[in-house]
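**Student:** Here's a structure for you.
2 protein chains.
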Amino acid sequence: MKTTLRKNLIAAALVGALTLTTTFALAADSLPSWNDGKARQSIIAFVEKVTKSGSPDFVPPAERIATFDNDGTLWAEQPMYFQFFFALDRVKALAPQHPEWKTKEPFASLLKGDVKGALAGGDRALLELVMATHTGMTTEEFEQIVKDWIATAKHPKTGRLYTEMVYQPMLELLAYLRANGFKTYIVSGGGIEFMRPWTEKVYGIPPEQVVGSSVKTKFELRDGKPVLVRLPELNFYDDKDGKPVGIHQHIGRRPIAAFGNSDGDLQMLLWTTAGSGARFALLVRHTDAEREWAYDRTSSIGRLDKALDEAQAKGWTVVDMKNDWKIIHPVETR
Amino acid sequence: MKTTLRKNLIAAALVGALTLTTTFALAADSLPSWNDGKARQSIIAFVEKVTKSGSPDFVPPAERIATFDNDGTLWAEQPMYFQFFFALDRVKALAPQHPEWKTKEPFASLLKGDVKGALAGGDRALLELVMATHTGMTTEEFEQIVKDWIATAKHPKTGRLYTEMVYQPMLELLAYLRANGFKTYIVSGGGIEFMRPWTEKVYGIPPEQVVGSSVKTKFELRDGKPVLVRLPELNFYDDKDGKPVGIHQHIGRRPIAAFGNSDGDLQMLLWTTAGSGARFALLVRHTDAEREWAYDRTSSIGRLDKALDEAQAKGWTVVDMKNDWKIIHPVETR
Numbered sequence: 000m001k002t003t004l005r006k007n008l009i010a011a012a013l014v015g016a017l018t019l020t021t022t023f024a025l026a027a028d029s030l031p032s033w034n035d036g037k038a039r040q041s042i043i044a045f046v047e048k049v050t051k052s053g054s055p056d057f058v059p060p061a062e063r064i065a066t067f068d069n070d071g072t073l074w075a076e077q078p079m080y081f082q083f084f085f086a087l088d089r090v091k092a093l094a095p096q097h098p099e100w101k102t103k104e105p106f107a108s109l110l111k112g113d114v115k116g117a118l119a120g121g122d123r124a125l126l127e128l129v130m131a132t133h134t135g136m137t138t139e140e141f142e143q144i145v146k147d148w149i150a151t152a153k154h155p156k157t158g159r160l161y162t163e164m165v166y167q168p169m170l171e172l173l174a175y176l177r178a179n180g181f182k183t184y185i186v187s188g189g190g191i192e193f194m195r196p197w198t199e200k201v202y203g204i205p206p207e208q209v210v211g212s213s214v215k216t217k218f219e220l221r222d223g224k225p226v227l228v229r230l231p232e233l234n235f236y237d238d239k240d241g242k243p244v245g246i247h248q249h250i251g252r253r254p255i256a257a258f259g260n261s262d263g264d265l266q267m268l269l270w271t272t273a274g275s276g277a278r279f280a281l282l283v284r285h286t287d288a289e290r291e292w293a294y295d296r297t298s299s300i301g302r303l304d305k306a307l308d309e310a311q312a313k314g315w316t317v318v319d320m321k322n323d324w325k326i327i328h329p330v331e332t333r
Numbered sequence: 000m001k002t003t004l005r006k007n008l009i010a011a012a013l014v015g016a017l018t019l020t021t022t023f024a025l026a027a028d029s030l031p032s033w034n035d036g037k038a039r040q041s042i043i044a045f046v047e048k049v050t051k052s053g054s055p056d057f058v059p060p061a062e063r064i065a066t067f068d069n070d071g072t073l074w075a076e077q078p079m080y081f082q083f084f085f086a087l088d089r090v091k092a093l094a095p096q097h098p099e100w101k102t103k104e105p106f107a108s109l110l111k112g113d114v115k116g117a118l119a120g121g122d123r124a125l126l127e128l129v130m131a132t133h134t135g136m137t138t139e140e141f142e143q144i145v146k147d148w149i150a151t152a153k154h155p156k157t158g159r160l161y162t163e164m165v166y167q168p169m170l171e172l173l174a175y176l177r178a179n180g181f182k183t184y185i186v187s188g189g190g191i192e193f194m195r196p197w198t199e200k201v202y203g204i205p206p207e208q209v210v211g212s213s214v215k216t217k218f219e220l221r222d223g224k225p226v227l228v229r230l231p232e233l234n235f236y237d238d239k240d241g242k243p244v245g246i247h248q249h250i251g252r253r254p255i256a257a258f259g260n261s262d263g264d265l266q267m268l269l270w271t272t273a274g275s276g277a278r279f280a281l282l283v284r285h286t287d288a289e290r291e292w293a294y295d296r297t298s299s300i301g302r303l304d305k306a307l308d309e310a311q312a313k314g315w316t317v318v319d320m321k322n323d324w325k326i327i328h329p330v331e332t333r
């Protein structure tokens, strides 16, 4: 084959391959678990206009940053944030090494199975539980503890692995955005190191694209080997006002699309939509008591009240789980 | 053209294109400003073994994380860190709004041109200078201030733009690593928001791959518009022990290669090389008093003492700028 011909064929094939990819990514069947309603249509309309070359709303791939809340947006969060179940299991596992917990709150109540009593101490009790179970070890040790737990622990109501309680339509949305050149991030109030060990496998989101709450860590040489030790001191709380702060700190760019489900995500959505050019904000509303849970304005977990008013005032997309989603969890597709 | 034939041609062309890319990336001419010595050879040997499919040292692309110090590693740092010149210029620019600085140290000495006198106050004076010049505005305002300064300010000795004082061999190294599937990060003691506005253009490193020191920021609504305000409080100091902490916080993976030039990088290099599998550590040694500066064990800026001992003991690569680099700055290639 002559060199010029070969070069031309390579060029043609590359262009062909790219075109095929784009067409596939934009195809209507990228979101098969979404019913054809306003929510799905608004997502596709936004993605098409920011990716269309020559469109006044075109955004270069490097700036296609999309941020997702985790609890209640990518996976379920009832009757408690799943990280709280992790903390409970850790209290039980660590109890033999802490005889003093038998008489010390909030541990004593927890060990008797009285979660409500344990949480009567409010935020202080919760923080004490988190610090007792999430710190005092190296970062590598903590990673292994999380990996072991997430691989085996089951949800108390569904009996499923927690990673089976992710939302199939959101997995499709993540993949659809990435196929269109978006970089997808998690921005969660949950612990950054509680999520990183499994987000790549479950969501396709690598550790460096996870933003979350954190404790301070300290560099140490132990017998000449460098380790990072997790300290019982809060470093950053990535919720509400903290979300734009965490986004700025980690990403250093303003997202063009943000996805949440509760008042904890309001500031992230405000920050995202206040940028110039095309912007997109979406709230997942939990309306399906049968297939999942139904809750919003008065729930203590995942309260959606102020953010819902704001969404209605500003025309943000609100997903009605019951009517917009054909399937809730991936297990339903099997 | 028949469909099968077309498909085969596409496949062949794609494979061909990929092979060409790989061959090009691995070619000896990827590092043209490096003399063919031990340093250059050690870099190429490392990259070849971690990228070669089937090699016992193969590392999947997602884990090919390389971290670079900035001051003294990617650009010069004498006679002062360039960010300090930025702070000085800001003091002068802001002085009319601060009549009290005429009699208040460290500002009074600075405004008289007495830098040494201003710095007699040590770290406290330095911190005061940084806070007075780097905080009190929104993140967007600060970004614009940095952009304006970096586009025009000149180095007091060379008369060049600071971004012209980057190291050509290191630019080639960054590109060579990226062509081989590495993700390149900056991990600097300098301010994260002082670097992000120009690192993509100058180094090809996007904002989300810059780790650095930071001040706290606060989310606010100003006339209904969300802003992030820079507060006069240190959030994180990304030097020495802080570098592995910053790497863990931002990237959540241990690098497989790290590049520095001073004792401030020692912990990053220790942390990087303590991981399992193939690892690479490199120190740039400033040995060229004629084309740049020569300094190491006794310099107050960029001291290279303990890290040099460690490099010699552990067989890390040490670049001798005078002998290893044909060219120091990009301007020499014009």
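For the record, the sequence lines run as chains X and C. When we follow numbering that gives the first Met the number 0, the leftmost residue of the first sequence carries the number 0, and every step to the right adds one. When we follow numbering that gives the first Met the number 0, the leftmost residue of the second sequence carries the number 0, and every step to the right adds one. Glycine included, C-beta positions come from ideal geometry on N, C-alpha and C. In this text, all values refer to a predicted model and were calculated from it rather than measured experimentally.
Indicate the three-state DSSP secondary structure (helix, strand or coil) for C:E47 in the structure shown.
**Tutor:** If DSSP states are grouped into helix, strand and coil, C:E47 belongs with the helices.
**Student:** Alpha carbon to alpha carbon, how far is C:Y202 from X:K101?
**Tutor:** So the two alpha carbons sit approximately 57 Å from each other.
**Student:** Give a yes or no on whether 8 Å exceeds the smallest Cβ distance from C:P205 to chain X.
**Tutor:** yes
**Student:** Leaving aside the five residues before and after C:R39 along the sequence, list all residues of the same chain whose C-beta is less than 8 Å from its C-beta, in chain order.
**Tutor:** Only L30, W33 and D323 meet the Cβ criterion.
**Student:** Identify each residue in the segment 247-277 of chain C for which the Cβ-Cβ distance to at least one residue of chain X is less than 7 Å, and report them in chain order.
**Tutor:** H247, Q248, H249, I250, G251, R252, Q266, L269, W270 and A273
**Student:** What residues of chain C sit near X:T138, judged by a beta carbon separation below 8 Å?
**Tutor:** H247
**Student:** Answer yes if the segment 315-322 of chain C comes into contact with the segment 273-289 of chain C, meaning at least three C-beta pairs across the two stretches below 8 Å, and no otherwise.
**Tutor:** They touch, by the three-pair rule.
**Student:** How many Å lie between C:L281 and C:A86 at the Cα?
**Tutor:** Their Cα atoms are separated by approximately 30 Å.
**Student:** When you compare the segment 155-170 of chain X with the segment 88-100 of chain X, are there three or more beta-carbon pairs, one atom per stretch, that lie closer than 8 Å?
**Tutor:** no
**Student:** From what residue to what residue does the beta strand (DSSP E) around X:P243 run?
**Tutor:** Taken as a continuous stretch (DSSP letters only), X:P243 belongs to no beta strand (DSSP E), being part of the alpha helix (DSSP H) at G241 to H249.
**Student:** According to DSSP, C:Y236 sits in a beta bridge with which residue or residues?
**Tutor:** None; C:Y236 has no bridge partner.
**Student:** Between the Cα of X:V210 and those of X:Q266, X:A117 and X:I185, spot the shortest distance and give me the residue it belongs to.
**Tutor:** Residue X:I185 holds the alpha-carbon nearest to the alpha-carbon of X:V210 among X:Q266, X:A117 and X:I185.
**Student:** With 8 Å as the threshold, decide whether the Cβ of C:K313 is near any Cβ in chain X.
**Tutor:** Output row for C:K313: interface = no.
**Student:** Taking Cβ-Cβ distances shorter than 9 Å, what residues in chain X pair up with C:D240?
**Tutor:** K217, F218 and E219
**Student:** Taking a cut of 9 Å between CB atoms, which residues from the segment 52-72 of chain X lie near chain C?
**Tutor:** So the close ones are A61 and I64.
**Student:** With C-beta atoms as the reference, is X:L269 less than 8 Å away from X:G259?
**Tutor:** Not in contact: X:L269 and X:G259 (Cβ atoms no closer than 8 Å).
**Student:** Closest by CA to X:P60, which one among X:S54, X:T50, X:D68 and X:N69?
**Tutor:** X:T50
**Student:** Using only CA atoms, which one of C:T271, C:P231, C:V330 and C:M194 lies nearest to C:R63?
**Tutor:** Comparing Cα positions, the closest option is C:T271.
**Student:** Quick check: what's the CA-CA separation for C:S212 versus X:K111?
**Tutor:** 45 Å
**Student:** Roughly how far, in whole angstroms, is the beta-carbon of X:Y80 from the beta-carbon of X:D70, given that I think they are within contact range, below 8 Å?
**Tutor:** 5 Å
**Student:** What does the Cβ neighbour count give for X:D147, buried or exposed, with the cut at 16 atoms within 10 Å?
**Tutor:** With fewer than 16 Cβ atoms within 10 Å of its Cβ, X:D147 is classed as exposed.
**Student:** Could you round the C-beta distance between X:R229 and X:H133 to whole angstroms and report it? I think they count as a contact, below 8 Å.
**Tutor:** 7 Å
**Student:** Grab the span of the beta strand (DSSP E) containing X:F258 for me, first residue to last.
**Tutor:** A256 to G259
**Student:** Please classify X:V210: does DSSP put it in a helix, a strand, or coil?
**Tutor:** strand
**Student:** Nearest to C:P105 by alpha carbon, out of C:L126, C:A92, C:Q96 and C:P95?
**Tutor:** When each option's Cα is compared against that of C:P105, the closest is C:L126.
**Student:** Measure how close the beta-carbons of C:Q369 and C:G190 come, nearest whole angstrom, since I'm counting them as under 8 Å.
**Tutor:** Residue numbering for chain C in the displayed model covers 0 to 333; residue 369 of chain C lies beyond these limits and cannot be assessed.
**Student:** Quick one: does C:V209 have its CB under 8 Å from some CB of chain X?
**Tutor:** yes
**Student:** Can you list the residues of chain C that X:K224 reaches, using a CB-CB cut of under 8 Å?
**Tutor:** Within 8 Å Cβ-Cβ: A273.
**Student:** On the criterion of 16 or more Cβ atoms from any shown chain inside 10 Å, does C:E139 qualify as buried, or is it exposed?
**Tutor:** exposed
**Student:** Just to confirm my understanding: we take X:P206, look at its own chain, exclude 5 residues before and 5 after, and list those with CB closer than 6 Å. What are they?
**Tutor:** R195
**Student:** Measure from the C-beta of X:L233 to each C-beta in chain C and report whether the shortest distance is under 8 Å.
**Tutor:** Not closer than 8 Å to any Cβ of chain C, the Cβ of X:L233 fails to qualify, so no.
**Student:** Can you name, in chain order, every residue of its own chain whose Cβ lies under 8 Å from the Cβ of X:A311, other than the five neighbours on each side?
**Tutor:** The question names Ala, yet the displayed sequence has Gln at residue 311 of chain X. Cβ neighbours of X:Q311 beyond the five flanking positions: V317.
**Student:** Pull up the distance between the alpha-carbon of C:L176 and that of X:F67, whole angstroms please.
**Tutor:** 30 Å
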